[in-house]
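>
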Amino acid sequence: MTANIGTPERIVRIVAGVLLVALPFMSGWAFFESALWTWLSVIVGLVLVITGILRFCPAYCMLGCSTNGKACRR
């Protein structure tokens with residue numbers, strides 16, 4: 001598993017992920033009264049946090065993308 005996420009994107013992913021996980025519980029928005037949107041926000045947030053911590057995005061590897069300057073091995 002070769003890292004394919006650069007440092008700036010890693011920071012953005014982790015911050016956005018934490019916000020998406022916390023948003024349904026802290027915001028009080030009527031939008032999140034639906035369990036579907038709450039779960040969707042939490043799942044997407046966790047995926048962002050995990051990919052940010054691991055510095056690896058499987059979708060980038062499938063598409064041949066990289067934001068750290070190194071090509072992903074297929």
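Here the sequence shown is numbered in UniProt numbering, starting from 1 and rising by one per residue. Using N, Cα and C, we set each Cβ at its ideal position, and we do this for glycine too. For clarity, every value in this text was computed on a predicted model and none was experimentally measured.
If we call anything under 7 Å between Cβ atoms a contact, is I14 one with G45?
No, Cβ-Cβ distance for I14 and G45 is not below 7 Å.
> Using three-state DSSP, classify I50 as helix, strand or coil.
In this structure, I50 counts as helix in the three-state DSSP scheme.
> Under 6 Å Cβ to Cβ from P24, same chain only, skipping five residues before and after it: list those, please.
Excluding positions up to five away in sequence, the list reads F32, T38, S41.
> Report all residues from its chain with a CB closer than 7 Å to the CB of R10; omit the five preceding and five following residues, and keep chain order.
So the qualifying residues of the chain are G52, R55.
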